[in-house]
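Reading through the structure tokens given below for one structure.
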Amino acid sequence: MKKTMMLFCICLFHGAAAYAEEATLVRLDNPRVSTGVEIGDVLERTLVIEAKSPYVLPKSSLPLKGEREDGIEIVGVALKSEKAGDGQRYELKLSYQVFAAASKAQVLHLPAMNLALSGGDAAVDIGIPAWHFWYSPLVAGDIHTARRQAQPQRKPALLETGVERLGIALAALLLGLGGLVYINAERRWLPWMGGNFAQAYRQLRKLPLQSGNHVQALVYLHQAFNQVYGQTLFRRQLDGFFAENPQYQSLATEIEDFFQYSETLLFTRESVDSAVLIRRVQQLCRRLRDCERRVT
Amino acid sequence: MASAAADNQLADWRIRALKLEDEVRGVIVGQDAAIRLINIAIFARGHVMLEGGVGVGKTTLLQSVARGIGGAYERVEGTVDLMPNDLVYHTYLGPEGRPQIDEGPLLRAGENLSVFFFNEINRARPQVHALMLRVMAERHLHAFKREYRLPHMIVFADRNQVEKNETFEIPAAARDRFMMEIPIDVPDDMALRKALVFDTRFQHAEKLTQRVESGLLPFNELNDFADVVQQHVQSSAALEDYVMQLWNATQKPQAFGITLDGVDMQRLIQAGASPRGMGMLLKAARVHAWLMDRDYLYPEDIHAVFHEVIAHRLVFNSMYESRRTVLARELTARILQTVAVPA
Numbered sequence: 001m002k003k004t005m006m007l008f009c010i011c012l013f014h015g016a017a018a019y020a021e022e023a024t025l026v027r028l029d030n031p032r033v034s035t036g037v038e039i040g041d042v043l044e045r046t047l048v049i050e051a052k053s054p055y056v057l058p059k060s061s062l063p064l065k066g067e068r069e070d071g072i073e074i075v076g077v078a079l080k081s082e083k084a085g086d087g088q089r090y091e092l093k094l095s096y097q098v099f100a101a102a103s104k105a106q107v108l109h110l111p112a113m114n115l116a117l118s119g120g121d122a123a124v125d126i127g128i129p130a131w132h133f134w135y136s137p138l139v140a141g142d143i144h145t146a147r148r149q150a151q152p153q154r155k156p157a158l159l160e161t162g163v164e165r166l167g168i169a170l171a172a173l174l175l176g177l178g179g180l181v182y183i184n185a186e187r188r189w190l191p192w193m194g195g196n197f198a199q200a201y202r203q204l205r206k207l208p209l210q211s212g213n214h215v216q217a218l219v220y221l222h223q224a225f226n227q228v229y230g231q232t233l234f235r236r237q238l239d240g241f242f243a244e245n246p247q248y249q250s251l252a253t254e255i256e257d258f259f260q261y262s263e264t265l266l267f268t269r270e271s272v273d274s275a276v277l278i279r280r281v282q283q284l285c286r287r288l289r290d291c292e293r294r295v296t
Numbered sequence: 001m002a003s004a005a006a007d008n009q010l011a012d013w014r015i016r017a018l019k020l021e022d023e024v025r026g027v028i029v030g031q032d033a034a035i036r037l038i039n040i041a042i043f044a045r046g047h048v049m050l051e052g053g054v055g056v057g058k059t060t061l062l063q064s065v066a067r068g069i070g071g072a073y074e075r076v077e078g079t080v081d082l083m084p085n086d087l088v089y090h091t092y093l094g095p096e097g098r099p100q101i102d103e104g105p106l107l108r109a110g111e112n113l114s115v116f117f118f119n120e121i122n123r124a125r126p127q128v129h130a131l132m133l134r135v136m137a138e139r140h141l142h143a144f145k146r147e148y149r150l151p152h153m154i155v156f157a158d159r160n161q162v163e164k165n166e167t168f169e170i171p172a173a174a175r176d177r178f179m180m181e182i183p184i185d186v187p188d189d190m191a192l193r194k195a196l197v198f199d200t201r202f203q204h205a206e207k208l209t210q211r212v213e214s215g216l217l218p219f220n221e222l223n224d225f226a227d228v229v230q231q232h233v234q235s236s237a238a239l240e241d242y243v244m245q246l247w248n249a250t251q252k253p254q255a256f257g258i259t260l261d262g263v264d265m266q267r268l269i270q271a272g273a274s275p276r277g278m279g280m281l282l283k284a285a286r287v288h289a290w291l292m293d294r295d296y297l298y299p300e301d302i303h304a305v306f307h308e309v310i311a312h313r314l315v316f317n318s319m320y321e322s323r324r325t326v327l328a329r330e331l332t333a334r335i336l337q338t339v340a341v342p343a
């Protein structure tokens, strides 16, 4: 009996060694996680087989797409082959989708299979073992349990945002009002700032106290008067200017004087100390700026 | 010493000029501005077009001025059948029954002609305009085989603006020969209007003009004195720049941001003021400065005569010609409001 068993083992080993040489399962990659698999999940197995010539792996020996066994369906079969030494190297990618329905966790498996290679004198098979995994149902219990546990839908409790919203609205309102005031004030930072006389005063302060610059100083101030009046302002129109802009009435005498000496200097050849005149125009312009801002 | 003499001469003539104004103001009420402008034209030696309705006192005004200036005053009525020769001579049958020829209104007074009034000039034909405009420019005329000089003549012409039938519009080139076009309007003041209607002294124009002192100005010295005024009154660089800006504004008002209601500014102006027009503007402005007792031109001197010297020289697109009077007034006013003394 012992002898008989030994002979059977030797024969078995010899057979395995024979086909192992002709075709070899080089690699078998199963899904990385074998727990927590749910209905609809797709599991992939990748096999790499090397077959010596003249053995080949025919497509007819591959499992068919759509085959289903115990709720596991083959949804993808992809075979790639390439030359490897004196034979072929095959990479077979099998995709299984789980359609099993169970109300509690159970062990399922990707099925075992035999891949038959052909082309040689003897038939050669490569056996692929099954791969077991734990199937996890989506819900515990059945629909009756679920119905018992069902609750009416409720909105989640909102955070208290009333104060923040009011603050944002007020800030937007203030910004909008500020923008309107800015635009209404002809893009000055404040309505009483950046007026015509304020601009003229800035220009006058930058004007060097050099000989000949007094004409420019006079023109700066005249330009400010023209802009305030809305048209070119001449001495004979000063009454109209004061009627339209009473805030400057307090400087009526000084303004009259300015127009008088301005006419003399611009339109005659009378000479003047430019530095003194520029300072004088600066002082008047500053006072006019104050009137413009209504701070006097 | 010479300067003092010139100053005295200027002051003396100023007194006379202002006296003439006062005298005419005493006779013609409500026309102070027109009287000042006519006075300026006399001393600037420029011809004047009077613009105004019928019966507003234009003839009386001119007769009064002519009496103050002295010299001869002639008048001709513009009619559709008036011919150029009617200004130069007229024919008639003499006492012996033989045809005779005498000098016409232009030549009758010879060099003593100081004021020639052409009433309703636009009723006359263009050939009459041509003769008048030539005489206005050259101040002499060849007739009767000799040269007639009219060195002291100033032409005042009146345009009938009410009627359009049988009238011949004066072309722009001809208008440019007139230094000024002065509006003569009925005064707005109700008291003055009442006086014009109810005061019997205004019913007799001839008697009225007799109240003006005659020969206030020696008419035959006006040309020489006008040169003195022009040489005396100076202008600064700033003012000259300002005048150049005004000139530009008459040519391209849109470039200065000038707009008029309902007017396409790009199409309004066909031609702005001419160089002759600007020269006349300065001549008139210098006289104004002298009347204001100044040695230098100020912008207000330009303003005082700007509309009257410039408005009639502007050539508008034909679509705006029918509104010329209103548009020209608005445009010159807007130019003066907008253009500033350049820096």
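Protein chains in written order, with UniProt numbering: chain A, 1 to 296; chain B, 1 to 343.
Backbone N, C-alpha and C define an ideal beta-carbon position, used for all residues, glycine too.
**Request:** Could you pull out every residue in the same chain whose Cβ sits closer than 7 angstroms to the Cβ of V56 of chain A, ignoring the five residues on either side in sequence?
**Result:** Within the same chain, V56 of chain A has close Cβ partners Q88, L117, S118 and G119.
**Message:** At the level of alpha carbons, what is the spacing between R123 of chain B and S322 of chain B?
**Reply:** Whole-angstrom Cα-Cα distance: 18 angstroms.
**Prompt:** Helix or strand or just coil, what does DSSP make of F156 of chain B?
**Reply:** Residue state, collapsed to three classes: strand.
**Message:** By the 7 angstroms beta-carbon criterion, what residues does the stretch 251-285 of chain A contribute toward chain B?
**Reply:** From the stretch 251-285 of chain A, only E263, L266, F267, T268 and R269 have a Cβ closer than 7 angstroms to chain B.
**Asked** In chain order, which continuous runs of the beta strand (DSSP E) of length 3 or greater are located wholly inside the UniProt domain "AAA+ ATPase" (44-188) of chain B?
**Response** Inside the UniProt domain "AAA+ ATPase" (44-188) of chain B, DSSP marks whole beta strand (DSSP E) runs of 3 or more residues at positions 48-52, 72-77, 89-93, 99-103, 113-119, 140-143, 146-149, 154-159 and 180-184, from first to last along the chain.
**Message:** So the candidates are B:F316, B:T332 and B:L192; which of them puts its Cα closest to the Cα of A304 of chain B?
**Reply:** Per the Cα distances, B:T332.
**Pick from A:T35, A:P58, A:P111 and A:Q247 that is closest to R68 of chain A, judged by C-alpha positions** = Checking every option, the nearest Cα to that of R68 of chain A belongs to A:P111.
**Prompt:** Of the choices B:G262, B:Q266, B:F225 and B:P275, whose alpha-carbon is the least far from that of residue 372 of chain B?
**Reply:** This structure cannot speak to residue 372 of chain B, because chain B is shown only from 1 to 343.
**Asked** So, helix, strand or coil for G179 of chain A, using DSSP?
**Response** In the structure shown, G179 of chain A sits in a helix (DSSP, three-state: H, G or I).
**Asked** Is N296 of chain B helix, strand or coil when you go by DSSP?
**Response** For the record, residue 296 of chain B in the displayed sequence is Tyr; it is not Asn. Strand, per DSSP.
**Asked** Where in the stretch 120-155 of chain A do unbroken runs of the alpha helix (DSSP H), each at least 4 residues long, occur, reported from the N-terminal end onward?
**Response** List check, alpha helix (DSSP H) in window: 143-149.
**Reduced DSSP category for T46 of chain A - H, G, I as helix; E, B as strand; rest coil** = T46 of chain A: strand per DSSP, three-state reduction.
**Message:** Helix, strand or coil, according to DSSP, for D70 of chain A in the structure here?
**Reply:** Assignment of D70 of chain A by DSSP, reduced to helix, strand and coil, places it in the coil class.
**Asked** Within 8 angstroms (strictly less), CB to CB, does N213 of chain A reach chain B?
**Response** Not a single CB atom of chain B sits nearer than 8 angstroms to the CB of N213 of chain A.
**Item:** C-alpha distance - P105 of chain B paired with Y148 of chain B, whole-angstrom precision
**Value:** Just so you know, the alpha carbons of P105 of chain B and Y148 of chain B end up roughly 12 angstroms apart.
**Request:** Starting from residue 310 of chain A, trace the beta strand (DSSP E) both ways and give me its first and last residue.
**Result:** For residue 310 of chain A there is no data in the structure shown, the boundaries of chain A being 1 and 296.
**Asked** Which residue or residues does DSSP assign as beta-bridge partners of S95 of chain A?
**Response** S95 of chain A is bridged to A:E44 and A:G76.
**Prompt:** Under 8 angstroms Cβ-Cβ, which residues of chain A neighbour V339 of chain B?
**Reply:** Per Cβ cutoff of 8 angstroms: T232.
**Message:** What would DSSP say about D29 of chain A, mapped onto helix, strand or coil?
**Reply:** If DSSP states are grouped into helix, strand and coil, D29 of chain A belongs with the strands.
**Item:** Element boundaries [alpha helix (DSSP H), containing Q199 of chain A]
**Value:** It spans N196 to K206 - the alpha helix (DSSP H) in which Q199 of chain A sits, taken as one unbroken run.
**Asked** In chain order, what residues of the same chain have a beta carbon less than 8 angstroms from the beta carbon of D70 of chain A, not counting five sequence neighbours either side?
**Response** A100, L108, H109 and P111, listed in sequence order.
**Message:** With a threshold of 8 angstroms between beta-carbons, can residue 306 of chain A be considered close to chain B, or not?
**Reply:** The requested residue 306 of chain A does not occur in the structure, where chain A is confined to residues 1 to 296.
**Message:** Which residues in chain A have a C-beta closer than 8 angstroms to the C-beta of A238 of chain B? List them in chain order.
**Reply:** The answer, in chain order, is V215, L266 and F267.
**Message:** Taking a contact to mean a Cβ-Cβ separation below 8 angstroms, would you say E23 of chain B touches E221 of chain B in this structure?
**Reply:** Contact flag unset, no.
**Prompt:** Given that Q210 of chain A touches chain C, what residues does it touch there, using C-beta distances under 8 angstroms?
**Reply:** Protein chains A and B are contained in the structure displayed, whereas chain C is not.
**Request:** Classify Q210 of chain A as helix, strand or coil using the three-state DSSP reduction.
**Result:** DSSP places Q210 of chain A in coil when its eight states are reduced to three.
**Message:** Can you find the residues in the same chain that come closer than 7 angstroms, C-beta to C-beta, to H214 of chain A, ignoring five residues on each side of it along the sequence?
**Reply:** Within its own chain, the residues whose Cβ lies closer than 7 angstroms to the Cβ of H214 of chain A, once the five positions on either side in sequence are excluded, are L265, V272, S274, L277 and I278, listed in chain order.
**Asked** Hey, quick one: how far does the beta strand (DSSP E) through A238 of chain B stretch, first residue to last?
**Response** Counting along the chain, no beta strand (DSSP E) covers A238 of chain B; the unbroken alpha helix (DSSP H) around it starts and ends at A237 to Q251.
**Message:** So, with DSSP's three-state summary, where would you put L222 of chain B?
**Reply:** If DSSP states are grouped into helix, strand and coil, L222 of chain B belongs with the helices.
**Message:** Considering Cα atoms alone, identify which of A:P208, A:V219, A:Y182 and A:L209 is closest to residue 300 of chain A.
**Reply:** The requested residue 300 of chain A does not occur in the structure, where chain A is confined to residues 1 to 296.
**Request:** Give the interface partners of P299 of chain B over in chain A, defined as CB-CB distance under 7 angstroms, in chain order.
**Result:** The answer, in chain order, is F234.
**Prompt:** What is the rounded straight-line gap between the Cα of D279 of chain B and the Cα of L50 of chain B?
**Reply:** Contrary to the premise, residue 279 of chain B reads as Gly rather than Asp in this sequence. Roughly 20 angstroms between the two C-alpha positions.
**Message:** When you compare the CB positions of R45 of chain B and E21 of chain B, do they come within less than 8 angstroms of one another, or not?
**Reply:** Contact flag unset, no.
**Message:** Assuming the contact rule is C-beta atoms closer than 8 angstroms, T245 of chain B and V309 of chain B should be a hit. Round their C-beta distance to whole Å, please.
**Reply:** The sequence given here has Gln at residue 245 of chain B, not Thr. Contact annotation, Q245 of chain B with V309 of chain B: C-beta distance approximately 16 angstroms; criterion of less than 8 angstroms not satisfied.
**Asked** Would you say L288 of chain A faces chain B, with C-beta separation under 8 angstroms as the test?
**Response** Output row for L288 of chain A: interface = no.
**Asked** Is the CB of Y296 of chain B under 8 angstroms away from at least one CB in chain A?
**Response** Yes, its Cβ sits closer than 8 angstroms to a Cβ of chain A.
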